[in-house]
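Numbering (my numbering), first residue to last: 1341 to 1653.
No residue lacks a Cβ here, since even glycine has one placed at the ideal position from N, Cα and C.
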Amino acid sequence: MQHLRVSVGHTPTIRISGIAVPAAASTAAAVAVAAGALTAESTTAAIRAVDAVSIVAGSLGVGVAVLIPWLTDDDRMRAWRSAAVWSALWVSAALVGFVADAADLMGVSPTRVSTADLGALLHGTSLGQWGMVGLVCPIVLCVVTVDSARGGGGWHPSIVGSIAAFGLVSGPVTGHLSLTGTGAWVTSLHVIAAAMWLGPLLAAAVVLRDSGAWSRILPRYSRWALWCVVAVGMSGVGATAIRWITSDASGSYYALIVVKVVLLAALILGGRRLRRVWVGRDCVAAVSTRRAVVETVGMSVAVGVAAALAVTP
(Lines of atoms letter the chains of each structure in order from A and count residues from 1; the text may use other names and numbers.)
(Lines give C-alpha, C1' and ligand atoms only; values in the text may rest on other atoms or scores of the structure.)
Protein backbone atom coordinates (compact mmCIF):
# COMPACT_ATOMS: atom_id res chain seq x y z
CA MET A 1 0.00 0.00 0.00
CA GLN A 2 1.23 3.50 -0.79
CA HIS A 3 2.17 5.74 2.09
CA LEU A 4 1.92 9.47 2.56
CA ARG A 5 4.82 10.66 4.68
CA VAL A 6 4.14 13.38 7.21
CA SER A 7 7.04 14.49 9.35
CA VAL A 8 6.16 14.83 13.03
CA GLY A 9 9.47 14.45 14.84
CA HIS A 10 10.40 10.75 14.71
CA THR A 11 6.83 9.63 14.24
CA PRO A 12 6.30 6.78 11.73
CA THR A 13 4.58 7.35 8.40
CA ILE A 14 0.90 8.11 8.17
CA ARG A 15 -1.02 5.89 5.77
CA ILE A 16 -3.02 7.38 2.93
CA SER A 17 -6.29 6.28 4.58
CA GLY A 18 -5.51 8.58 7.52
CA ILE A 19 -6.06 11.46 5.10
CA ALA A 20 -8.44 9.98 2.53
CA VAL A 21 -11.17 8.70 4.84
CA PRO A 22 -11.68 11.97 6.79
CA ALA A 23 -11.28 13.88 3.52
CA ALA A 24 -14.19 11.95 2.02
CA ALA A 25 -16.28 12.72 5.10
CA SER A 26 -15.26 16.39 4.94
CA THR A 27 -16.23 16.60 1.26
CA ALA A 28 -19.67 15.15 1.98
CA ALA A 29 -20.21 17.53 4.88
CA ALA A 30 -18.91 20.49 2.85
CA VAL A 31 -21.46 19.89 0.11
CA ALA A 32 -24.24 19.84 2.71
CA VAL A 33 -22.97 22.95 4.51
CA ALA A 34 -22.55 24.93 1.29
CA ALA A 35 -25.96 23.87 -0.03
CA GLY A 36 -27.60 24.88 3.22
CA ALA A 37 -25.77 28.20 3.33
CA LEU A 38 -26.85 28.93 -0.25
CA THR A 39 -30.43 28.14 0.74
CA ALA A 40 -30.08 30.69 3.53
CA GLU A 41 -28.64 33.18 1.00
CA SER A 42 -25.49 33.63 3.08
CA THR A 43 -22.97 36.01 1.50
CA THR A 44 -20.18 33.60 2.42
CA ALA A 45 -21.89 30.35 1.36
CA ALA A 46 -18.87 28.91 -0.44
CA ILE A 47 -16.36 29.77 2.26
CA ARG A 48 -18.68 28.35 4.93
CA ALA A 49 -17.98 24.95 3.41
CA VAL A 50 -14.68 24.93 5.32
CA ASP A 51 -16.79 24.48 8.46
CA ALA A 52 -17.02 20.86 7.31
CA VAL A 53 -13.32 20.40 8.03
CA SER A 54 -13.90 21.67 11.57
CA ILE A 55 -16.84 19.31 12.03
CA VAL A 56 -14.97 16.24 10.81
CA ALA A 57 -11.69 17.09 12.54
CA GLY A 58 -13.44 17.80 15.83
CA SER A 59 -15.48 14.61 15.55
CA LEU A 60 -12.32 12.66 14.79
CA GLY A 61 -10.71 14.12 17.92
CA VAL A 62 -13.72 13.05 20.00
CA GLY A 63 -13.71 9.64 18.31
CA VAL A 64 -10.03 9.05 19.01
CA ALA A 65 -10.63 9.89 22.66
CA VAL A 66 -13.46 7.33 22.81
CA LEU A 67 -11.53 4.68 20.91
CA ILE A 68 -8.13 4.93 22.65
CA PRO A 69 -8.98 2.70 25.65
CA TRP A 70 -10.18 -0.04 23.25
CA LEU A 71 -7.06 -0.04 21.05
CA THR A 72 -3.73 -1.85 21.01
CA ASP A 73 -0.53 0.18 21.36
CA ASP A 74 0.14 0.23 17.58
CA ASP A 75 -3.41 1.28 16.81
CA ARG A 76 -3.21 4.04 19.43
CA MET A 77 -0.18 5.57 17.72
CA ARG A 78 -1.98 5.59 14.37
CA ALA A 79 -4.98 7.21 16.04
CA TRP A 80 -2.88 9.96 17.62
CA ARG A 81 -1.07 10.67 14.34
CA SER A 82 -4.31 11.01 12.39
CA ALA A 83 -5.79 13.27 15.07
CA ALA A 84 -2.64 15.43 14.96
CA VAL A 85 -2.89 15.94 11.19
CA TRP A 86 -6.59 16.76 11.26
CA SER A 87 -6.38 19.06 14.26
CA ALA A 88 -3.79 21.08 12.32
CA LEU A 89 -6.22 21.30 9.40
CA TRP A 90 -8.93 22.29 11.88
CA VAL A 91 -6.82 25.29 12.96
CA SER A 92 -6.71 26.52 9.36
CA ALA A 93 -10.44 25.96 8.87
CA ALA A 94 -11.27 27.75 12.12
CA LEU A 95 -9.19 30.75 11.04
CA VAL A 96 -10.99 30.92 7.70
CA GLY A 97 -14.33 30.62 9.51
CA PHE A 98 -13.37 33.46 11.84
CA VAL A 99 -12.65 35.69 8.85
CA ALA A 100 -15.96 34.64 7.24
CA ASP A 101 -17.83 35.62 10.41
CA ALA A 102 -16.18 39.05 10.34
CA ALA A 103 -17.12 39.44 6.66
CA ASP A 104 -20.76 38.58 7.40
CA LEU A 105 -20.83 41.03 10.31
CA MET A 106 -19.30 43.90 8.32
CA GLY A 107 -21.14 43.12 5.08
CA VAL A 108 -17.97 42.90 3.02
CA SER A 109 -16.14 40.26 1.02
CA PRO A 110 -13.86 37.97 3.09
CA THR A 111 -10.90 39.26 1.07
CA ARG A 112 -11.64 42.82 2.27
CA VAL A 113 -11.74 42.05 5.98
CA SER A 114 -9.29 44.23 7.89
CA THR A 115 -7.53 43.81 11.21
CA ALA A 116 -9.91 46.41 12.64
CA ASP A 117 -12.87 44.29 11.49
CA LEU A 118 -11.44 41.25 13.27
CA GLY A 119 -10.87 43.32 16.38
CA ALA A 120 -14.45 44.59 16.32
CA LEU A 121 -15.70 41.01 15.96
CA LEU A 122 -13.57 39.82 18.87
CA HIS A 123 -14.19 42.68 21.30
CA GLY A 124 -17.77 43.58 20.47
CA THR A 125 -19.62 40.29 19.91
CA SER A 126 -20.08 36.91 21.59
CA LEU A 127 -19.78 35.47 18.08
CA GLY A 128 -16.20 36.68 17.87
CA GLN A 129 -15.31 35.58 21.39
CA TRP A 130 -16.68 32.09 20.85
CA GLY A 131 -14.94 32.12 17.47
CA MET A 132 -11.67 32.65 19.30
CA VAL A 133 -12.50 29.68 21.52
CA GLY A 134 -13.11 27.69 18.34
CA LEU A 135 -9.62 28.68 17.17
CA VAL A 136 -7.77 28.08 20.44
CA CYS A 137 -9.25 24.61 21.05
CA PRO A 138 -7.87 23.00 17.87
CA ILE A 139 -4.49 24.64 18.52
CA VAL A 140 -4.39 23.04 21.97
CA LEU A 141 -5.66 19.75 20.53
CA CYS A 142 -2.92 19.83 17.89
CA VAL A 143 -0.22 20.29 20.53
CA VAL A 144 -1.64 17.48 22.68
CA THR A 145 -2.06 14.99 19.83
CA VAL A 146 1.40 15.72 18.37
CA ASP A 147 2.88 15.12 21.81
CA SER A 148 0.91 11.86 22.11
CA ALA A 149 1.98 10.78 18.60
CA ARG A 150 5.60 11.33 19.63
CA GLY A 151 5.17 8.99 22.58
CA GLY A 152 3.83 11.29 25.27
CA GLY A 153 1.70 9.09 27.51
CA GLY A 154 0.39 11.59 30.03
CA TRP A 155 -2.72 12.82 28.19
CA HIS A 156 -5.94 11.24 29.39
CA PRO A 157 -8.45 10.55 26.57
CA SER A 158 -11.22 12.39 28.44
CA ILE A 159 -9.13 15.57 28.40
CA VAL A 160 -8.51 15.22 24.66
CA GLY A 161 -12.19 14.55 23.99
CA SER A 162 -13.26 17.52 26.12
CA ILE A 163 -10.98 19.90 24.21
CA ALA A 164 -12.36 18.69 20.88
CA ALA A 165 -15.97 18.85 22.10
CA PHE A 166 -15.54 22.37 23.45
CA GLY A 167 -14.13 23.49 20.12
CA LEU A 168 -17.05 21.90 18.26
CA VAL A 169 -19.76 23.64 20.30
CA SER A 170 -18.12 27.07 20.01
CA GLY A 171 -19.85 27.70 16.67
CA PRO A 172 -23.38 26.36 17.22
CA VAL A 173 -23.82 28.09 20.61
CA THR A 174 -23.71 31.47 18.81
CA GLY A 175 -26.46 30.52 16.37
CA HIS A 176 -30.17 31.32 16.55
CA LEU A 177 -30.73 29.04 19.54
CA SER A 178 -28.24 31.00 21.64
CA LEU A 179 -31.00 33.54 22.28
CA THR A 180 -32.05 31.36 25.23
CA GLY A 181 -29.85 29.62 27.77
CA THR A 182 -31.80 26.39 27.32
CA GLY A 183 -31.36 26.58 23.56
CA ALA A 184 -27.59 26.90 23.89
CA TRP A 185 -27.41 23.87 26.22
CA VAL A 186 -29.63 21.74 23.98
CA THR A 187 -27.59 22.69 20.93
CA SER A 188 -24.36 21.80 22.71
CA LEU A 189 -25.74 18.40 23.67
CA HIS A 190 -26.88 17.82 20.08
CA VAL A 191 -23.47 18.68 18.63
CA ILE A 192 -21.52 16.58 21.13
CA ALA A 193 -23.84 13.57 20.74
CA ALA A 194 -23.44 13.75 16.95
CA ALA A 195 -19.64 13.91 17.28
CA MET A 196 -19.66 10.94 19.66
CA TRP A 197 -21.71 8.99 17.12
CA LEU A 198 -19.67 9.90 14.03
CA GLY A 199 -16.21 10.20 15.58
CA PRO A 200 -15.45 6.67 16.84
CA LEU A 201 -16.51 4.98 13.59
CA LEU A 202 -14.54 7.54 11.58
CA ALA A 203 -11.49 6.94 13.77
CA ALA A 204 -11.92 3.17 13.44
CA ALA A 205 -12.00 3.45 9.62
CA VAL A 206 -8.72 5.36 9.78
CA VAL A 207 -6.96 3.25 12.40
CA LEU A 208 -8.02 -0.42 12.30
CA ARG A 209 -6.03 -2.73 10.02
CA ASP A 210 -7.16 -6.31 10.78
CA SER A 211 -10.40 -8.23 11.20
CA GLY A 212 -9.61 -9.11 14.81
CA ALA A 213 -9.50 -5.44 15.76
CA TRP A 214 -12.81 -4.79 14.00
CA SER A 215 -14.40 -7.79 15.74
CA ARG A 216 -13.27 -6.42 19.10
CA ILE A 217 -14.33 -2.81 18.50
CA LEU A 218 -17.65 -3.15 16.65
CA PRO A 219 -19.77 -4.63 19.48
CA ARG A 220 -18.59 -1.85 21.81
CA TYR A 221 -19.23 0.83 19.22
CA SER A 222 -22.66 -0.60 18.43
CA ARG A 223 -23.78 -0.25 22.05
CA TRP A 224 -22.19 3.20 22.26
CA ALA A 225 -23.83 4.40 19.03
CA LEU A 226 -27.30 3.41 20.21
CA TRP A 227 -27.19 5.88 23.10
CA CYS A 228 -25.66 8.56 20.87
CA VAL A 229 -28.53 8.20 18.37
CA VAL A 230 -31.06 8.54 21.19
CA ALA A 231 -29.30 11.70 22.42
CA VAL A 232 -29.10 13.13 18.88
CA GLY A 233 -32.79 12.51 18.25
CA MET A 234 -34.06 13.86 21.57
CA SER A 235 -31.85 16.96 21.51
CA GLY A 236 -32.77 17.60 17.88
CA VAL A 237 -36.46 17.54 18.70
CA GLY A 238 -35.82 19.83 21.67
CA ALA A 239 -33.81 22.30 19.58
CA THR A 240 -36.49 22.46 16.89
CA ALA A 241 -39.22 23.01 19.48
CA ILE A 242 -37.25 25.81 21.17
CA ARG A 243 -36.62 27.53 17.82
CA TRP A 244 -40.31 27.26 16.89
CA ILE A 245 -41.43 28.71 20.24
CA THR A 246 -38.88 31.50 20.67
CA SER A 247 -38.44 32.95 17.17
CA ASP A 248 -39.82 32.97 13.66
CA ALA A 249 -37.98 30.67 11.29
CA SER A 250 -37.98 30.74 7.51
CA GLY A 251 -39.34 28.07 5.20
CA SER A 252 -35.73 27.22 4.32
CA TYR A 253 -35.04 26.37 7.97
CA TYR A 254 -37.91 23.92 8.16
CA ALA A 255 -36.99 22.45 4.76
CA LEU A 256 -33.51 21.67 6.11
CA ILE A 257 -35.11 20.16 9.22
CA VAL A 258 -37.09 17.78 7.00
CA VAL A 259 -33.93 16.85 5.08
CA LYS A 260 -32.11 16.23 8.34
CA VAL A 261 -34.90 14.01 9.69
CA VAL A 262 -34.95 11.96 6.48
CA LEU A 263 -31.17 11.51 6.64
CA LEU A 264 -31.30 10.52 10.31
CA ALA A 265 -34.02 7.95 9.61
CA ALA A 266 -31.99 6.52 6.72
CA LEU A 267 -28.89 6.29 8.91
CA ILE A 268 -30.80 4.53 11.68
CA LEU A 269 -32.29 2.00 9.27
CA GLY A 270 -28.92 1.48 7.58
CA GLY A 271 -27.22 1.09 10.95
CA ARG A 272 -29.80 -1.46 12.03
CA ARG A 273 -29.15 -3.53 8.91
CA LEU A 274 -25.39 -3.31 9.37
CA ARG A 275 -25.75 -4.40 12.99
CA ARG A 276 -27.32 -7.66 11.75
CA VAL A 277 -24.81 -8.45 8.99
CA TRP A 278 -21.64 -6.90 10.42
CA VAL A 279 -21.47 -6.81 14.21
CA GLY A 280 -20.42 -10.13 15.71
CA ARG A 281 -19.76 -11.66 12.26
CA ASP A 282 -16.46 -12.72 10.70
CA CYS A 283 -15.58 -10.09 8.11
CA VAL A 284 -12.34 -9.19 6.35
CA ALA A 285 -10.84 -5.85 7.34
CA ALA A 286 -11.23 -4.29 3.87
CA VAL A 287 -14.98 -4.92 3.88
CA SER A 288 -15.32 -3.48 7.40
CA THR A 289 -13.38 -0.38 6.39
CA ARG A 290 -15.53 0.09 3.29
CA ARG A 291 -18.74 -0.22 5.31
CA ALA A 292 -17.44 2.24 7.89
CA VAL A 293 -16.51 4.76 5.19
CA VAL A 294 -19.97 4.57 3.60
CA GLU A 295 -21.63 4.99 6.99
CA THR A 296 -19.44 7.92 8.05
CA VAL A 297 -19.94 9.72 4.74
CA GLY A 298 -23.69 9.47 5.28
CA MET A 299 -23.34 10.75 8.85
CA SER A 300 -21.17 13.61 7.59
CA VAL A 301 -23.88 14.75 5.17
CA ALA A 302 -26.33 14.81 8.09
CA VAL A 303 -24.03 16.85 10.34
CA GLY A 304 -23.31 19.17 7.41
CA VAL A 305 -27.03 19.87 7.08
CA ALA A 306 -27.17 20.45 10.84
CA ALA A 307 -24.30 22.95 10.58
CA ALA A 308 -26.11 24.75 7.75
CA LEU A 309 -29.09 25.28 10.07
CA ALA A 310 -26.91 27.58 12.19
CA VAL A 311 -26.74 30.12 9.32
CA THR A 312 -30.35 29.69 8.23
CA PRO A 313 -32.79 32.36 9.46
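Query                                                                                                                                                                                    : Result
Return the Cβ separation of valine 1361 and leucine 1542 in integer angstroms, given the expectation that the two are a contact with Cβ distance under 8 angstroms.                      : 7 angstroms
Along the chain, where does the alpha helix (DSSP H) that runs through threonine 1652 open and close?                                                                                    : Unbroken run through threonine 1652: none, as it is neither H nor E.
Applying the 10 Å Cβ sphere with the 16-neighbour rule, what's the burial state of valine 1609?                                                                                          : What sits at residue 1609 in the sequence shown is leucine, not valine. Classification of leucine 1609: exposed, given that the 10 Å Cβ count is below 16.
Express the C-alpha separation of alanine 1456 and valine 1645 in angstroms, rounding to a whole number.                                                                                 : 32 angstroms
Using the Cβ count rule (16 or more neighbours within 10 Å means buried), how would you classify glycine 1398?                                                                           : buried
In whole angstroms, what is the alpha-carbon distance linking valine 1601 and aspartate 1441?                                                                                            : 28 angstroms
Within the same chain, show all residues whose beta-carbon is closer than 6 angstroms to that of alanine 1534, passing over the 5 residues directly before and after it, in chain order. : Val1572, Val1643
Can arginine 1418 and valine 1547 be called in contact, C-beta distance under 7 angstroms?                                                                                               : yes
Are the segment 1623-1643 and the segment 1491-1508 touching by the rule of at least three beta carbon pairs closer than 8 angstroms?                                                    : no
Only counting the same chain, and skipping five residues up and downstream in sequence, which positions put a Cβ closer than 6 angstroms to that of proline 1512?                        : Thr1527, Val1531, Ala1650
Under a three-way DSSP split, which group does glycine 1578 fall into?                                                                                                                   : helix
Taking 8 angstroms as the limit between beta carbons, can you name the residues of its chain near cysteine 1482, skipping five residues before and five after?                           : Ala1424, Ser1427, Ala1428, Trp1430, Val1431
Per DSSP, what kind of secondary structure is glycine 1491 in: helix, strand or coil?                                                                                                    : coil
Would you decide whether alanine 1626 is buried or exposed? Buried here means 16 or more other CB atoms lie within 10 Å of its CB.                                                       : exposed
Please classify proline 1409 as buried or exposed, where buried requires at least 16 neighbouring CB atoms within 10 angstroms.                                                          : exposed
By Cβ distance, which residues of its chain are closer than 7 angstroms to valine 1373, with the 5 residues on each side in sequence left out?                                           : Arg1388, Ala1389, Asp1391, Ala1392, Gly1644, Ala1647, Ala1648
Does the distance from the C-beta atom of valine 1619 to that of methionine 1536 stay below 7 angstroms?                                                                                 : no
CB-CB under 8 angstroms to valine 1448, same chain, minus the five flanking residues each way: which ones, in chain order?                                                               : Asp1457
I'd like the list of long-range same chain contacts for serine 1628, defined as Cβ closer than 6 angstroms, with 5 residues on each side in sequence excluded.                           : Trp1554
With DSSP collapsed to three states, give me the class of alanine 1589.                                                                                                                  : coil
To which residues of the same chain is valine 1637 closer than 7 angstroms at the C-beta, ignoring the five residues directly before and after it?                                       : Ala1364, Ala1365, Ala1368
Nearest-angstrom Cα distance between alanine 1433 and isoleucine 1499?                                                                                                                   : 22 angstroms
Do alanine 1632 and alanine 1565 have their C-beta atoms closer together than 7 angstroms?                                                                                               : no
Quick one, are the C-beta atoms of alanine 1405 and proline 1497 less than 7 angstroms apart?                                                                                            : yes
Between Gly1521, Leu1538, Asp1414, Thr1465, which lies nearest to threonine 1586 when the distance is taken from Cα to Cα?                                                               : Gly1521
Enumerate in chain order the residues of its own chain whose CB-to-CB distance from glycine 1578 is below 7 angstroms, with the five nearest sequence positions on each side excluded.   : Val1526
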